[in-house]
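The listed protein sequences derive, respectively, from chains X and G.
Sequential numbering of the first sequence, starting at 109, is according to our numbering.
Sequential numbering of the second sequence, starting at 825, is according to our numbering.
From the three backbone atoms N, C-alpha and C, an ideal C-beta is built for every residue, glycine too.
A quick note: this is a predicted structure, and the numbers were derived from the prediction, not measured.
Below: the structure, in structure tokens.
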Amino acid sequence: MNTTAKRIYYIPYMLWILLFVIAPVALIVYQSFFNLDHQATIQNYVTYLTSSTYLRMTLNSFWYAFLITLFTVLISYPAALFLNQLKHKDFWLLLIILPTWINLLLKAYAFIGIFAQNGSVNQFLGFIGIGPKQILFTDFSFIFVATYIEIPFMILPIYNAIAEIDPALLTASRDLGATNWQTLIRVILPLTRKGITAGVQAVFIPSLSLFMLTRLIGGNRVITLGTAIEEHFLTTMNWGMGSTIGVVLIIMMFISMALTGEHKRKRKEIDTGATKE
Amino acid sequence: MTTPIIEFQHVNKFFGDFQALKDINFQLDQGKFYSLLGPSGSGKTTILRTIAGFNSVTSGTVLFQGKPLKNVPPNKRRVNTIFQNYALFPHLNVFDNVAFGLSIRHVPKDEIQTRVMDALKMVHLQELASRDINELSGGQQQRVAIARAIINEPELLLLDEPLSALDKKLRQDMQYELRELQQRLGITFVFVTHDQEEALAMSDEIFVMDEGAILQNGTPVDIYDEPINHFVADFIGESNIVKGTMVKDYEVEFVGKRFECADAGMRPNEPVEVVLRPEDLDVTTPDKGKLIVQVDSQLFRGDHFEVVAYDADHNEWLIHSTNPVKEDADIGLFFEPEDIHVMRFNEKEADFDARLEQYEGE
Ligand SMILES: Nc1ncnc2c1ncn2[C@@H]1O[C@H](COP(=O)(O)OP(=O)(O)O)[C@@H](O)[C@H]1O
Ligand SMILES: [Mg+2]
């Protein structure tokens, strides 16, 4: 194939990258250096780094994203293992993926209905005599709903990683004396590490900037960086500060990708004994 | 007599409606090299998986050193397997693969170190201990699989077509090494193969299988010289098989002639099949031959010529001749009475053995 033809194929990709990746990021970075009076300044960054409110917000974002990711992994891994043992596993997997096709807002409103003062959960609690409780607008409901929404994105890569394992390896492990539990820990887990990291990336990074759920389900009790950005752009109209937080989020995404990304496994050096002789 | 290490009693195995094992009975003695030989799909792997504990049986009993194996999980059986595609752990290096069985059992670190290095030395891999699995050749992976299995000191080693992925030269080297290893360790090997040469070369005893049943068992020489039926005769090596009639004891008729033979114990005029091995046929002049055939083609095979010829009834004859023959020439074939092996139709192995005993004792 000649090079001009090749270049033509690149055009849509390049246009996409330019218009939807490079340009917005450049704009955000540019905006972050302006204050409310449209003067160029680094004041926004100084404010961010010195204000305890913003730092607490950052920690909060990390903490909630961590909790959401943790619960998602704890639920998804056993679920993926279980799914892989079922007869019609593709069908059951589809059922789990299905909710992702429904708009996030719709799901959030559904949960408001379920968790509200006169919602079905509270009706049930009243029925068994525990009485209606405040469920909506708590940390619990926020993490619960966020976990529910993120689970399919975690199950899918883990499920695929498990499905790819050669069953002969599990047989070999049992043959060599391992119990089912030892096989899980020593063979299945290490062989699905890539699936877990892929799932963690797919869940943790978006969880850092959740904002709709914080409002609808968390009742603004949970303030994350996502909420702050929304606030600055739509309410206080402080685009400079909003962009600064955006830049911080982008940097954090790169950091978490670097941390969870594939490292070249260091080869364990083993005393071969051959040299001793 | 000591208790057999493994014993199958009337074992049947069904996968749904499909019967994978049909009334399997055998006893394996401690310290011998056994082969299960049969075409693909004949149930060899199913037998190994039954011994290792990955298949339940539908009916029948499997005994290990006299005790039923039924409720013993695979990880508690003193049996290890070398799998068809080795099944090495890709996330572990050579050392950790071999150490897997020991570390599962929490053997102390320094003991693991020495035992793994000893096992690797035994398969000539001690320099590659820290290699990753995907950095090894097929032959090296094979050796890792062997080391990983024998380090657990099993009573019984199961080998599922372990050499089938290797090229011919390497396969022959490994045949010697495995045989030697088995004799050195003194443990029982059950070796699965669909390659009859491999089974003949390595085994103390061979079980020939087809369609889930054991057709015949015996030493390589027994099976080669006295195959029980057409299938075994054909599968175990090149042979000439023709239809014939057992006129009376020690006399058989085929291709329209009567020949003296060494078989007996059948009904007069019973229809039979006759086996003549290509290497038992000597080429001579037509007037001296017991049979006269016309040469069709010949191939030079290094240590002999492989001649294809046809008799007047258009039966094909395969002959191994030390000297070349002329194409299209008529040649005579000479053979001794004991070179003729007569097979009855549908004879069961027990009856076959009993009949052989009856007249071979005389
Ligand atoms: N888990 C299973 N489910 C259904 N059929 C099986 C299963 N395992 C083996 N079989 C069938 O049993 C027969 C014997 O298989 P196998 O023992 O693997 O043969 P071999 O090792 O001699 O090639 C084959 O026809 C195979 O399709
Ligand atoms: Mg097989």
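> So with Cβ pairs under 7 Å, would you call Ala276(X) a contact of chain G?
Replying inline: Ala276(X) belongs to the set of residues whose beta carbon lies under 7 Å from a beta carbon in chain G.
>> Please list, in chain order, the residues of the stretch 277-306 of chain X that have any C-beta partner in chain G closer than 7 Å.
In response: Flagged, chain order: Leu277, Thr279, Ala280, Arg282, Asp283, Leu284, Gly285, Ala286, Thr287, Gln290, Val295, Pro298 and Leu299.
> Beta-carbon separation of Glu1029(G) and Tyr910(G) under 7 Å?
Replying inline: Result no, Cβ atoms of Glu1029(G) and Tyr910(G) do not sit closer than 7 Å.
>> Contact criterion: CB-CB distance below 7 Å. Does Pro898(G) meet it with respect to chain X?
In response: Yes, Pro898(G) lies at the interface with chain X (some Cβ there is under 7 Å from its Cβ).
> Using a Cβ-Cβ distance under 7 Å, would His948(G) count as near chain X?
Replying inline: At a cut-off of 7 Å, the C-beta of His948(G) has no neighbouring C-beta in chain X.
>> Just to be sure I understand the criterion: a residue counts if its Cβ is closer than 7 Å to at least one heavy atom of ligand 2. Which residues meet that?
In response: Working through the chain, the matches are Ser864(G), Lys868(G), Thr869(G), Gln908(G), Asp984(G), Glu985(G) and Val1016(G).
> Where does Ser184(X) land, buried or exposed, given buried means 16+ other C-beta within 10 angstroms?
Replying inline: Ser184(X) should be labelled buried.
> Cβ of Ala876(G) less than 7 Å from any chain X Cβ?
Replying inline: By the rule that beta-carbons nearer than 7 Å mark a contact, Ala876(G) touches chain X.
> How long is the line joining the alpha carbons of Met122(X) and Ile296(X), rounded to whole angstroms?
Replying inline: When rounded, the distance between both Cα atoms is 40 Å.
> What is the residue span of the alpha helix (DSSP H) that Arg115(X) lies within?
Replying inline: Element bounds for Arg115(X): Thr111 to Trp124.
>> Counting only Cβ pairs nearer than 7 Å, list the residues of chain X close to Thr1012(G).
In response: By Cβ distance, chain X contributes nothing, its closest Cβ being about 16 Å from Thr1012(G), past 7 Å.
>> For Gly867(G), which residues in the same chain have their Cβ closer than 7 Å to its Cβ, ignoring the five residues on either side in sequence?
In response: Excluding its 5 nearest sequence neighbours in each direction, Gly867(G) has C-beta neighbours in its own chain below 7 Å: Ala844, Leu845, Met1033 and Gly1036, listed in chain order.
>> Can you confirm whether Gln1144(G), when its beta carbon is compared against all beta carbons of chain X, has any partner nearer than 7 Å?
In response: Inspection of the sequence shows that residue 1144(G) is occupied by His rather than by Gln. The beta-carbon of His1144(G) is placed no less than 7 Å from the nearest beta-carbon of chain X.
>> My parser needs the beta strand (DSSP E) runs of 3 or more residues fully inside the stretch 261-303 of chain X; what are they?
In response: Entirely contained in the stretch 261-303 of chain X, not one beta strand (DSSP E) run reaches 3 residues.
> Can you round the beta-carbon distance between Ile270(X) and Ala188(X) to whole angstroms, since I take them to be within the 8 Å contact cut?
Replying inline: Ile270(X) to Ala188(X), Cβ: 6 Å. Contact.
>> With a threshold of 6 Å (Cβ to nearest heavy atom), would Phe839(G) be considered close to ligand 1?
In response: At least one heavy atom of ligand 1 is nearer than 6 Å to the Cβ of Phe839(G), so yes.
> Taking the continuous alpha helix (DSSP H) assigned at Trp200(X), which residues delimit it?
Replying inline: Looking at the DSSP string, the run of the alpha helix (DSSP H) that includes Trp200(X) is Lys197 to Ile205.
>> Suppose you measure from the CA of Leu135(X) to the CA of His146(X); what does that come to, to the nearest Å?
In response: Leu135(X) and His146(X) have their alpha carbons spaced roughly 14 Å apart.
> Mind checking Tyr267(X): buried by the 16 CB within 10 Å criterion, or exposed?
Replying inline: With 16 or more Cβ atoms within 10 Å of its Cβ, Tyr267(X) is classed as buried.
>> Buried or exposed, going by whether 16 or more other CB atoms sit within 10 Å of the CB of Lys1150(G)?
In response: Lys1150(G) is exposed by the Cβ-count criterion.
>> Nearest by alpha-carbon distance to Pro892(G): which of Phe832(G), Tyr1134(G) and Asp1104(G) is it?
In response: Among Phe832(G), Tyr1134(G) and Asp1104(G), the Cα nearest to that of Pro892(G) belongs to Phe832(G).
>> What are the residues in the stretch 927-945 of chain G lying within 7 Å of chain X by C-beta distance?
In response: The stretch 927-945 of chain G vs chain X, Cβ under 7 Å: Ile928, Arg929 and Met941.
>> Rounding to the nearest angstrom, what Cα-Cα distance links Arg1082(G) and Glu1075(G) in this structure?
In response: If you take the alpha carbons of Arg1082(G) and Glu1075(G), they lie about 7 Å apart.
> Quick one: Cα of Phe248(X) to Cα of Leu277(X), how far?
Replying inline: A direct Cα-Cα distance of roughly 40 Å separates Phe248(X) from Leu277(X).
>> Quick check on the burial criterion: 16 or more other C-beta atoms within 10 angstroms. Buried or exposed for Asp1187(G)?
In response: Given that chain G is displayed from residue 825 to residue 1186, the structure contains no residue 1187(G) and the question cannot be resolved.
> Excluding sequence positions up to five away, which residues of its chain have a Cβ less than 8 Å from the Cβ of Phe924(G)?
Replying inline: Here the set comprises Phe913, Leu916 and Arg972.
> When the cut-off is 7 Å and only beta carbons count, does Gly925(G) lie next to chain X?
Replying inline: At least one chain X Cβ lies under 7 Å of Gly925(G).
> Can Asp1137(G) and Val1079(G) be called in contact, C-beta distance under 7 Å?
Replying inline: Closer than 7 Å, so yes.
> Should Phe199(X) be labelled buried (16 or more other beta-carbon atoms within 10 Å of its own) or exposed?
Replying inline: Around the beta carbon of Phe199(X), fewer than 16 other beta carbons sit within 10 angstroms, so the residue counts as exposed.
>> For Ala844(G), report the span of its beta strand (DSSP E) as first-last.
In response: Secondary structure note for Ala844(G): its beta strand (DSSP E) is the uninterrupted segment Phe842 to Leu852.
> Just to confirm, are Glu979(G) and Arg902(G) a CB contact at a threshold of 7 Å?
Replying inline: Yes, these two residues count as a Cβ contact at 7 Å.
> Which residue's Cα is closest to the Cα of Val1071(G): Glu977(G), Val1166(G), Asp1049(G) and Ile1047(G)?
Replying inline: When each option's Cα is compared against that of Val1071(G), the closest is Val1166(G).
> Is the CB of Ile378(X) under 7 Å away from at least one CB in chain G?
Replying inline: Low confidence applies here, because Ile378(X) scores a pLDDT of 40, under 50, leaving its location unreliable; read the following figure in that light. Yes, its Cβ sits closer than 7 Å to a Cβ of chain G.
> Taking DSSP as the reference, what is the three-state secondary structure of Arg1091(G)?
Replying inline: It is coil, neither helix nor strand.
>> Considering just the uninterrupted stretch of the beta strand (DSSP E) at Leu981(G), what are its terminal residues?
In response: Start and end: Leu980 to Asp984.
>> For Gln242(X), count the other beta carbons within 10 Å of its own beta carbon; 16 or more makes it buried, fewer makes it exposed. Which is it?
In response: Gln242(X) comes out exposed.
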